[in-house]
Amino acid sequence: MNILILNPPQRDNIIMVKEGRCMQRKGAWGYIMSPITIVTMGTLLRNNGHIVTIKDCPASGTSFSEMLASIALIAPDIVYINTSTPTIDDDIYAAKCIKKQNNHSAIIVLFGIHPSCQYPTLLTENCVDFCIIGEPEYTALDLAASIKLKSNLNSVAGIAFLDNSEKLVVTTAREPIINMDNLPMPDWSFIDTGNYRLPLNNEKFLLVNTNRGCPYRCTFCNAYVYYGRTPRRRSVATIIQELKNNVELFGITNFMFWAEEFILDKKFVLELCHAIINAGLSIKWVCNSRVDAVDPETMTAIRRAGCWNIAFGIESGNQSILNMINKKITLDQIRHAVSIAKNAGLQVTGHVIIGFPNETRETISNTEQFVKSLALDFVQYYCAIPYPGTQLYTDAINNNWLTTTDWRQFEHNISVLNYPQIKAKEIMKIRRQLMLKWYLSPKKVINTLINNISQPSDLFAFISKIPGFLRWI
Amino acid sequence: MDLTVKDSRINWKVTVIVPTLDEEETIAEVLEQVKPYADELIVIDGKSEDRTKLIANEAGVKVVTDNGMGKGSAIRLGLQIASNPIVVFIDADGSHEASDIPKLLAPIRQNQADIVIGSRMTGGSDELFYDAAELIRLTGSMLINLTINYRWNVRLSDTQNGYRAVVRDAGLALNMVENSTTIEQEMVMKALTCGYRVANVPSHEYRRKGGKSKVIVSKVWVKYLLNVIRHLVRQT
Numbered sequence: 021m022n023i024l025i026l027n028p029p030q031r032d033n034i035i036m037v038k039e040g041r042c043m044q045r046k047g048a049w050g051y052i053m054s055p056i057t058i059v060t061m062g063t064l065l066r067n068n069g070h071i072v073t074i075k076d077c078p079a080s081g082t083s084f085s086e087m088l089a090s091i092a093l094i095a096p097d098i099v100y101i102n103t104s105t106p107t108i109d110d111d112i113y114a115a116k117c118i119k120k121q122n123n124h125s126a127i128i129v130l131f132g133i134h135p136s137c138q139y140p141t142l143l144t145e146n147c148v149d150f151c152i153i154g155e156p157e158y159t160a161l162d163l164a165a166s167i168k169l170k171s172n173l174n175s176v177a178g179i180a181f182l183d184n185s186e187k188l189v190v191t192t193a194r195e196p197i198i199n200m201d202n203l204p205m206p207d208w209s210f211i212d213t214g215n216y217r218l219p220l221n222n223e224k225f226l227l228v229n230t231n232r233g234c235p236y237r238c239t240f241c242n243a244y245v246y247y248g249r250t251p252r253r254r255s256v257a258t259i260i261q262e263l264k265n266n267v268e269l270f271g272i273t274n275f276m277f278w279a280e281e282f283i284l285d286k287k288f289v290l291e292l293c294h295a296i297i298n299a300g301l302s303i304k305w306v307c308n309s310r311v312d313a314v315d316p317e318t319m320t321a322i323r324r325a326g327c328w329n330i331a332f333g334i335e336s337g338n339q340s341i342l343n344m345i346n347k348k349i350t351l352d353q354i355r356h357a358v359s360i361a362k363n364a365g366l367q368v369t370g371h372v373i374i375g376f377p378n379e380t381r382e383t384i385s386n387t388e389q390f391v392k393s394l395a396l397d398f399v400q401y402y403c404a405i406p407y408p409g410t411q412l413y414t415d416a417i418n419n420n421w422l423t424t425t426d427w428r429q430f431e432h433n434i435s436v437l438n439y440p441q442i443k444a445k446e447i448m449k450i451r452r453q454l455m456l457k458w459y460l461s462p463k464k465v466i467n468t469l470i471n472n473i474s475q476p477s478d479l480f481a482f483i484s485k486i487p488g489f490l491r492w493i
Numbered sequence: 219m220d221l222t223v224k225d226s227r228i229n230w231k232v233t234v235i236v237p238t239l240d241e242e243e244t245i246a247e248v249l250e251q252v253k254p255y256a257d258e259l260i261v262i263d264g265k266s267e268d269r270t271k272l273i274a275n276e277a278g279v280k281v282v283t284d285n286g287m288g289k290g291s292a293i294r295l296g297l298q299i300a301s302n303p304i305v306v307f308i309d310a311d312g313s314h315e316a317s318d319i320p321k322l323l324a325p326i327r328q329n330q331a332d333i334v335i336g337s338r339m340t341g342g343s344d345e346l347f348y349d350a351a352e353l354i355r356l357t358g359s360m361l362i363n364l365t366i367n368y369r370w371n372v373r374l375s376d377t378q379n380g381y382r383a384v385v386r387d388a389g390l391a392l393n394m395v396e397n398s399t400t401i402e403q404e405m406v407m408k409a410l411t412c413g414y415r416v417a418n419v420p421s422h423e424y425r426r427k428g429g430k431s432k433v434i435v436s437k438v439w440v441k442y443l444l445n446v447i448r449h450l451v452r453q454t
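Protein chains in written order, with this note's numbering: chain R, 21 to 493; chain F, 219 to 454.
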């Protein structure tokens, strides 16, 4: 089959990162993540005999019309479209245009967390043929095979579609990929790796998937929709091989270890770090972790193996809010984790969310004071977003908190939740103030520059990213 | 996988650590006084050559021998081997009032502080005023206090006293490196940098009841000064 895997652009030229649970503007971090799901999926399909083209339009700066023109030439049999909640309108629009210009010959399949939850509505758009529910790689492969052989679609696990009588069919749920080593290593030659660069030093970087699945049940998180609650990981040998390939074939030495939480299994992390050092890999990488998984031994090990920045989900500086969102961490644990990581020589990033239910001006002020007291290098404040699939979404619907049903507004810098005690507008205003206060502090600016900028061209690249960042704030 | 949140600080138990080096004259009395306040009591001995370890063993107290590098290494080892969330350090020379332990614990259990140091400035001291060396020591320690207070915008009256209660995880998070008594100010400065809350409570310091002090001001002042400067310029 002639397959196109497509990441459509936005009509309003905002560049969005769409990678599973991660749905944010390029401006938020000043980078576009290398699209690991798309490329892994493409590699898997190609290895199974399909002709695959990948188009990551936001990254390559391809406009809508350019995209359509090139698709007309490709004339794909199936188009897999990567989607996210805030971009879903544009993703659907892309699907419509493709359908129209290719005389309805292309089969349109949506994947991502949004269609995994919202497939009943999305399938009523007559341009959408299938929605993939959950982890997409093998579902995409089975679906392509089924379409090719014209076999019974009901036997493809993990999809939703409308049958000939316009009746919604949801096939059996797809089992998570237990042996993750079966997934092929992403072949990055599908895309131009030059489009994916780190914000501060402008070096190329790639995502490397280490593990999937998170057993926790935070009320604001939609990650389980994609990867489920069973933690699974790739073997150390496979990850090392992939890192080696990336270094040797693509000359890239910067990585982001992509996982819901990288440090879920301490033994695995220590083994991996050991293997990176033993393999003589001179790489720099970043990762994330829950604060309760942090200890000095692990932090020292990851630092030695090339980690320079670790990100923690701090979420709130008020214990009762942390309890309410079911984060299962304490303020003490947050402080210990940040201190341990800092003292091990790592830069630390904190992700903070304001505007949860029960949030008041006082709890937000608790959060501000708490975050200020931590030795963090980078902080991102987000508005709580009720993404479909989350407990927060259900609560928002039941309590009538939503200010809008326009999915475009479901972005981290916008609050769509009006509570009796605090309104969406105020949450947005406070968030903006908190961001400005943090990043306009001269001390922070100087520290960031000293720690991350080593040559004049870096500084230029860094400055060029400031306007996008300010727009995101 | 443990998905539970740790219980509240009110119920936190206490490990008391007594670092020793040749304290045979006072150790028995100190251990006797401390016992009622400790859920766990450990003597960390820096390779004493007198009967200190023997006496502690006889008193039924767990004795661990460290590498003998100094008080700093004893404190770091103490934090590692303590099995309770709060660790209290008390000197073995009898100069500290064991009945002050509840005062040290209160701010931690009430979640108002992570490190609580007994203050000789508000609690008084029998020792600080005897001779010229003590005057220098007092002046130096006041200057260090002032520096810390202005640098980290706190108001502490004593940052040098070894008599202190520490949240174990906080102490471990600091990754302290000092081997000697400079660890006491290292702990305060690193803790403040990391955003931990440091507090003082009044505690009276008695005159050393026996044995000899191992801190000779004329030999160590440079070390203290350099240590403060290093932390002042440290980024984090």
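C-beta atoms are modelled at their ideal positions from N, C-alpha and C, and glycine is treated no differently.
The structure displayed is predicted, hence computed values, not measured ones.
Chain F contact for residue i (CB, 9 Å cutoff)
i	result
K494/R	As displayed, chain R neither begins before 21 nor continues past 493, which places residue 494/R out of reach and without an answer.
Q400/R	no
S461/R	no
P377/R	no
L394/R	yes
P196/R	no
P316/R	yes
Neighbour list for residue i in chain F, Cβ cutoff strictly below 7 Å
i	result
H371/R	Correct list: empty, because the minimum Cβ distance to chain F is about 17 Å.
Proximity test, Cβ basis, 9 Å: residue i and chain R
i	result
D263/F	no
V385/F	yes
K231/F	no
D332/F	yes
DSSP-derived helix/strand/coil call for residue i
i	result
Q475/R	coil
W458/R	helix
Y401/R	strand
I349/R	coil
H294/R	helix
Y100/R	strand
R448/F	helix
H70/R	coil
M200/R	helix
N231/R	strand
F322/R	A small fix is needed here, since residue 322/R is Ile in this sequence, not Phe. Helix, per DSSP.
F376/R	coil
I299/F	helix
Cβ-based burial, residue i [other Cβ within 10 Å; buried from 16]
i	result
A351/F	exposed
T340/F	exposed
R425/F	exposed
Y414/F	buried
F240/R	buried
P462/R	exposed
K119/R	buried
W278/R	buried
E276/F	exposed
Proximal residues to residue i (C-beta, below 7 Å), its chain only, five neighbours per side dropped
i	result
N378/R	I341, M344
G50/R	P219, K485, G488, F489
R324/R	C293, I297
C327/R	W305, V306, C307, L366
L290/R	T318, A321
V223/F	Because the pLDDT of V223/F is 49, which lies under 50, any placement of that residue in the model is unreliable, and the number read from its coordinates should be weighed accordingly. Excluding positions up to five away in sequence, the list is empty.
H432/R	Q44, A48, Y402, C403, I405
N367/F	R373, L374
L65/R	I23, V72, A160, L161, A164
Partner residues on chain F for residue i, Cβ-Cβ distance less than 9 Å
i	result
D32/R	What D32/R touches in chain F: nothing, since even the nearest Cβ is about 40 Å away.
V358/R	A391, C412, G413
Neighbourhood of residue i by C-beta, 6 Å cutoff - its chain only, sequence neighbours within 5 removed
i	result
A316/F	Q251, V252
I322/R	C293
K224/R	T213, R217, I272
A417/F	P325, A331, V334
Closer than 9 Å at the beta carbon, the chain R residues around residue i
i	result
A417/F	Those do not exist, as A417/F stays about 14 Å from chain R at its closest Cβ, beyond 9 Å.
A388/F	D352, R355, H356, S359
Same chain only: Cβ atoms within 8 Å of residue i, ignoring 5 sequence neighbours per side
i	result
T162/F	Past the boundaries of the shown model lies residue 162/F; chain F is included only from 219 to 454, so the question cannot be answered.
W421/R	P377, P406, D415, L437, N438, Y439
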